[in-house]
Amino acid sequence: MKKNKVNIYVFLSALILGILISTSMNYSTPIVRTILTTQQYQNATNEKNKLYNDLSDIEKSYYSNLKKLNKYEKDLGESDSKIINDLKKELNNNSKVLGTADVAGPGVEIVLDDGQIDFNKNQDYNANTKLVHYFDILEIINALKLNNAQAISVNGQRIIGTSEVYCWGRLIKINDVTLNPPFNIRAIGDSEGINEYLTSDDGYLTFLKYRGVKASIHKSKNVKIYAYIGTMKNKFMKDAEKR
């Protein structure tokens, strides 16, 4: 008899607990009341506690972000000038990197000119090697970039990411502007390192002189390079998905 009473109590407890958990759950769909076993109730309780913890974490994150937003809005209201100045500094730095701002600093000035051609001879077989070609300009530009030059110009034309250098008869075109010798190449960077690289035994300036091209390099503490004045177009580029 006692054993039967215990079984009845266990059954009633499980029944009551099942009813409680089923009535405490709210759904957007019609309520379905389910009688749970003790184990099912325990699992449901654990899941509910987990959801409460997750919700608590989300709530903490929300208030943390809200606090940051309020602080930003407060700073914006109290120190507009500081934020604007910071933005201006960032824009100015970007302009320097892109090449749309005048810049100055230590660096080098390189001058390339066609060599002396002997017109008294019926044919000077070395005449072509004594001329400055577009690929010579490209070699110098690449050498400057290799030595971390921060800004480069050729006869006043700022070299940017989209600058082209190609042959135009006996002349050269850069940024769609026709240039003729002598070519004055300016670069801002490590003047000592650039000079050593270009004038070494296997440096490109040494090679040009060997060909008969007039080539010189001058180190300077204040090289001024003017901004690119063309139009930059982003016809094909668009934002890419983050990795």
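Position in the sequence shown (first residue = 1) + 8 = our numbering.
We treat Cβ as the ideally placed atom computed from N, Cα and C, and that holds for glycine.
- Assignment of D144 by DSSP, reduced to helix, strand and coil, places it in the helix class.
- No residue range can be given for I167, since it is assigned to no alpha helix (DSSP H) and is classified by DSSP as neither H nor E.
- Judged by their CB atoms, I149 and I125 are not nearer to each other than the 8 angstroms cut-off.
- T186: member of the beta strand (DSSP E) spanning 185-187, first to last residue.
- Assigned with DSSP and collapsed to three states, F191 falls in strand.
- Annotation: G201 is outside any beta strand (DSSP E); the continuous alpha helix (DSSP H) that includes it extends over 199-207.
- Counting other Cβ atoms within 10 Å of its Cβ, V105 stays below 16 and is therefore classed as exposed.
- N156 and D198 do touch by the CB rule: their CB atoms are close to 7 angstroms apart, below 8 angstroms.
- Taken through DSSP and simplified to helix, strand or coil, I225 comes out as strand.
- Taking a cut-off of 8 angstroms for Cβ pairs, the region 216-234 and the region 168-185 do not touch, as fewer than three such pairs fall below it.
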